[in-house]
Amino acid sequence: MTQTTPVLADVAPVPDEPVDTHRPARRGMAWRIVALLLGAVLFLFPFYYMIIGSLQRSPDTSVGGVLPHPGDMTLHNYAQINDAISLGRTLINSGIFTGGVLFGTVVFGVLAGYALAQLHCRGRGVLGATMVLLQVIPFQLLIIPLYVLIVRNYGLGDSYLGMIAPFAINSTAVFVFRQYFLQLPPDLFNAARIDGASELRILLNIALPLVKPALLTAMLMTFIGPWNEFLWPFLVTKQHDKQPLAVALANYISTVSGEAANPFGAILAGACVLAAPAVALFIAFQRHFVSTNLGSGVKG
Amino acid sequence: MSSSAVAAPRGGRAKRLAAVVLGRQPIGLLFGAPYAAFIAVVFAYPLGLAVWMSFHRYFFTAPGVSVPRPFVGLDNYRAVLTDPAVRQSFVNILVFLVINVPLTVALSLLLATALNAAIPFRAFFRVSYYVPYVTASVAVVGVWLFLFRTGGLADHALGPLAPKPSWLVNEHWAMPSIAFYVAWKQLGFFILLYLAALQNVPKELYESAAVDGASKWRAFRAVTIPGVRPATTLVTLLAVITGANLFTEPYLLTGGGGPNGKSASPVLLMYQRGIEQNHPDLAAAIGVILVMGVLLIVGIQQLLERRARI
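Those protein sequences? They're chains A and B, same order as listed. Sequential numbering from 1 applies to the first sequence in the working numbering. Sequential numbering from 1001 applies to the second sequence in the working numbering.
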C-alpha cells in the first residue's frame, strides 16, 4: 500500500502514554480493561444469542437457554426460513441493490470528489456546500415525494433501478474522497498537466493509487447502507421475487411468523444470514475502518 | 481537451475568456456533472415537491389519470397538527431524544477514552463495538424481540423486577426501550468519531494536568471534554438526525408504534398516512414539520455552543 504522507496512514493510532509506567496508572489500566470487557459483552451477547436461538429446536427463553445444548441443536430453522422467503433469491436481490450503489458511488463519487478537491471550475463551491448540507437532511423526509416520482410517475416499482436510484451516489463517500484528494499536493498534478496528461489519466494513474485506503473505507461505509436499508426497498418492492433479504425478513417478522412452529428460530436464522456478510466484511477489513479514515469530518 | 485544461496561460483570448467563465479546469464540470444531476433529481426536486405537496390536495391516482390538485393553504398542516396520533408521535420522538442523545454522547465518549491507550486486544474491542452498527437493524431487531418479548430472557433474568406488562407492550417502557436499542446499535460509530477527535487533544495538556496533581477524572473533565467539543457537536447532530429518521424500530420492535401509538415515530405516521391511507399531502406536511423541528434543535444547539465558548 502506498503511504506517502503520515496523514494517509490507515493504521489505528496507538498513543504512547509515558504515565502508564507508574503503579497508579497500572490500576487505571485494569479498570479500563474491565470497563471495555463489560462493554464488549453488552455488544456481543445479542449476536451470540442470535446464533444460539437460530439453532434451538424449540425456543428456550429461560436463563439456562443461554448455554448451548448440543442435543437440542438443529439446522431446521434455516430450512424453514428458506422455504418461507427463499434465501437465495433475496440474497441475490440484496447483492444487486448493494452492487449497483457501490458501482455508482465509486465511479461517479470518485469523479466528483476529485473535481471538488483538485479542479478549479465554476460551481465547485456550490456543489461542495450542497454535499455538506446533504449530510444534515433526514432522508426519510424525501420518501413521500420520491415514492410519488419513482414508483407512481416513472413506474419503477418492483425494479432494481427504482431501488438503487435514491442511493446511487453516497454523499458521505464523496465527502471522504474529497478530503483525501485535498491532502494530495497540487504540484503533483500540475507536473503531470505540463507533461500533457489528461485529467482522467491523472485521476486514474496518479491520484487514485494514492488514496486506496480511502477507497476501501468509503466502499465499506457505502456497503452497509443498501445492504441494511429497509424502508425504501420496502416501499418499492411488493413482488416477493424482487425483495432484498432485509425486506423479506421484516415482512416475515411482521406477518407470517405466527404460522411457523418455531417463529423465533426461523426469524433468528434469517437474521444470522442477513448479518453474516456485513459482519464478515467488517472483521476482514477492520484495519480500514478506523478513526483516522473517518475522522476527516471531525478534524474539518 | 487536455490543452484547455492546462492551467498555464498560453491560449488565445477565447481560451482566457473560457477560463474566466468556466474556471481554469472546465473538465471539472464534466466530472462533477453526474453527482450534481443526482443531487438535483434525488434531493433538490423531491424536497421542493414535498413542500409543494404539503400546500395542495394530493392523492395517488391510476397512472395517466390527471386530476386537479388545488391549493389548500395551511389545511394539511392544520389537519396534521390537530391529529392526536401525529401529536403523540412528536411527543414520542422528544422522549426518544431526551433519553437517547445524552446516553449516546456519555457512553461513546467514555468507551472511546477507555479505548484510547495501548491496551491488549484493542482491535477486538473496537470491532465488537461496531458490530451492531454494521448489522442490519432488521436482523438485530429479531434478536431484541426474542430477548424482550413477554416471557423472554430479559423477563426471566429480572424475575419480579421486570415491568408488567412486558417492555415492548408497556406504554411507559416501549419508547425508552427503542431509545436504548438505538443508542446501543449506533454507539460503535460514535466511538470511532470520538477516537478520531481524541487524537487531536494535545498530550502536553494531560502531562501538565498530571504535573499539577490533577486526578484522572479531573483531567478528563478539564482537558478531554473541552478538547473533543467539535466532535460532541457532530455526535449530537448525527444522533438527532438518526432519531428523526426513526422507522424500522417502531415498525418491527413494537409492532407498528404500539401500544396505543405510544412508540409511533413521525416517519411511521408519514408511512401510515401517506402510503397506506393515500394522503401523501398530509405525510408531506408531517415531513416538513419534522425537518423544521430538526433545524430548530440544531439551531438551539449551535446557539448554546456559541454561548458556551464566550
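For every residue, glycine included, the Cβ atom is placed at its ideal position computed from N, Cα and C.
Any beta-carbon of chain B closer than 8 angstroms to the one on residue i?
{"i": "residue 50(A)", "result": "yes"}
{"i": "residue 254(A)", "result": "yes"}
{"i": "residue 120(A)", "result": "yes"}
{"i": "residue 160(A)", "result": "no"}
{"i": "residue 209(A)", "result": "no"}
{"i": "residue 181(A)", "result": "no"}
{"i": "residue 47(A)", "result": "yes"}
{"i": "residue 80(A)", "result": "no"}
{"i": "residue 139(A)", "result": "yes"}
{"i": "residue 62(A)", "result": "yes"}
{"i": "residue 279(A)", "result": "yes"}
{"i": "residue 132(A)", "result": "no"}
{"i": "residue 213(A)", "result": "no"}
{"i": "residue 33(A)", "result": "yes"}
{"i": "residue 73(A)", "result": "no"}
{"i": "residue 44(A)", "result": "yes"}
{"i": "residue 206(A)", "result": "no"}
Given this structure, state the Cα-to-Cα distance separating residue i from residue j, to the nearest angstrom.
{"i": "residue 1128(B)", "j": "residue 1140(B)", "result": "14 angstroms"}
{"i": "residue 1308(B)", "j": "residue 1233(B)", "result": "12 angstroms"}
{"i": "residue 1204(B)", "j": "residue 142(A)", "result": "47 angstroms"}
{"i": "residue 151(A)", "j": "residue 1145(B)", "result": "32 angstroms"}
{"i": "residue 239(A)", "j": "residue 1037(B)", "result": "30 angstroms"}
{"i": "residue 283(A)", "j": "residue 1154(B)", "result": "29 angstroms"}
{"i": "residue 1032(B)", "j": "residue 176(A)", "result": "15 angstroms"}
{"i": "residue 94(A)", "j": "residue 243(A)", "result": "8 angstroms"}
{"i": "residue 1079(B)", "j": "residue 1282(B)", "result": "8 angstroms"}
{"i": "residue 1171(B)", "j": "residue 1217(B)", "result": "38 angstroms"}
{"i": "residue 126(A)", "j": "residue 133(A)", "result": "10 angstroms"}
{"i": "residue 110(A)", "j": "residue 131(A)", "result": "14 angstroms"}
{"i": "residue 168(A)", "j": "residue 1135(B)", "result": "21 angstroms"}
For the alpha helix (DSSP H) containing residue i, name the first residue and the last one.
{"i": "residue 1075(B)", "result": "1075–1081"}
{"i": "residue 1203(B)", "result": "1203–1211"}
{"i": "residue 83(A)", "result": "76–85"}
{"i": "residue 1249(B)", "result": "1248–1252"}
{"i": "residue 193(A)", "result": "186–194"}
{"i": "residue 199(A)", "result": "199–202"}
{"i": "residue 221(A)", "result": "212–228"}
{"i": "residue 1071(B)", "result": "Taken as a continuous stretch (DSSP letters only), residue 1071(B) belongs to no alpha helix (DSSP H), as it is neither H nor E."}
{"i": "residue 1053(B)", "result": "1045–1054"}
{"i": "residue 270(A)", "result": "263–284"}
{"i": "residue 237(A)", "result": "No alpha helix (DSSP H) holds residue 237(A); DSSP gives it neither H nor E."}
{"i": "residue 1270(B)", "result": "1266–1270"}
{"i": "residue 1038(B)", "result": "1027–1039"}
{"i": "residue 318(A)", "result": "Missing from the structure shown is residue 318(A); chain A here goes from 1 to 300 and no further."}
{"i": "residue 1243(B)", "result": "1229–1244"}
{"i": "residue 111(A)", "result": "110–118"}
{"i": "residue 1216(B)", "result": "1216–1219"}
{"i": "residue 1022(B)", "result": "1013–1022"}
{"i": "residue 252(A)", "result": "245–254"}
Quick one: does residue i have its CB under 8 angstroms from some CB of chain A?
{"i": "residue 1046(B)", "result": "yes"}
{"i": "residue 1226(B)", "result": "no"}
{"i": "residue 1173(B)", "result": "no"}
{"i": "residue 1077(B)", "result": "no"}
{"i": "residue 1321(B)", "result": "This structure cannot settle anything about residue 1321(B), because the visible part of chain B is limited to 1001 through 1310."}
{"i": "residue 1119(B)", "result": "yes"}
{"i": "residue 1025(B)", "result": "yes"}
{"i": "residue 1156(B)", "result": "yes"}
{"i": "residue 1258(B)", "result": "no"}
{"i": "residue 1153(B)", "result": "yes"}
{"i": "residue 1125(B)", "result": "yes"}
{"i": "residue 1034(B)", "result": "yes"}
{"i": "residue 1028(B)", "result": "yes"}
{"i": "residue 1049(B)", "result": "yes"}
{"i": "residue 1176(B)", "result": "no"}
{"i": "residue 1164(B)", "result": "no"}
Task: Against chain B: residues of the stretch 219–231 of chain A by CB proximity under 9 angstroms - done: Residues 220, 223, 224, 227, 228, 229, 230, 231.
Task: Complete runs of the alpha helix (DSSP H) confined to the stretch 122–167 of chain A [at least 4 residues] - done: 124–134, 143–146, 160–164, all fully within the stretch 122–167 of chain A.
Task: chain B contacts from the stretch 232–252 of chain A (Cβ-Cβ distance under 7 angstroms) - done: Of all residues in the stretch 232–252 of chain A, only 235, 246, 249, 250 come within less than 7 angstroms of chain B when Cβ atoms are compared, listed by chain position.
Task: Every unbroken alpha helix (DSSP H) within the stretch 1115–1177 of chain B, with a cutoff of 4 residues, ordered by chain - done: Runs found: 1122–1134, 1137–1148, 1153–1158.
- [ ] Report the residues of the stretch 1270–1293 of chain B with a CB closer than 7 angstroms to any CB of chain A, ordered along the chain.
- [x] Close to chain A, meaning a Cβ-Cβ distance shorter than 7 angstroms, are the following residues of the stretch 1270–1293 of chain B: 1270, 1274, 1275, 1280, 1283, 1284, 1287, 1290, 1291.
TODO: Identify each residue in the stretch 1223–1247 of chain B for which the Cβ-Cβ distance to at least one residue of chain A is less than 8 angstroms, and report them in chain order.
DONE: Those would be 1230, 1231, 1234, 1237, 1241, 1244, 1245, 1247, in chain order.
Task: Residues of the stretch 1130–1152 of chain B whose Cβ lies closer than 9 angstroms to any Cβ of chain A, in chain order - done: Residues of the stretch 1130–1152 of chain B that bring their beta carbon within less than 9 angstroms of a beta carbon in chain A comprise 1130, 1131, 1132, 1133, 1134, 1135, 1136, 1137, 1138, 1139, 1140, 1141, 1142, 1143, 1144, 1145, 1146, 1147, 1149, 1151, 1152, in sequence order.
- [ ] Scan the stretch 152–176 of chain A for residues whose Cβ lies nearer than 9 angstroms to a Cβ of chain B and list them as they occur along the chain.
- [x] Cβ contacts with chain B come from 152, 153, 155, 165, 166, 167, 168, 169, 171, 174.
Open item on the list: Taking beta-carbon pairs under 7 angstroms, can you tell me which members of the stretch 1086–1115 of chain B lie near chain A?
Closed with: Against chain A - using a Cβ distance shorter than 7 angstroms - the residues of the stretch 1086–1115 of chain B are 1111, 1114, 1115.
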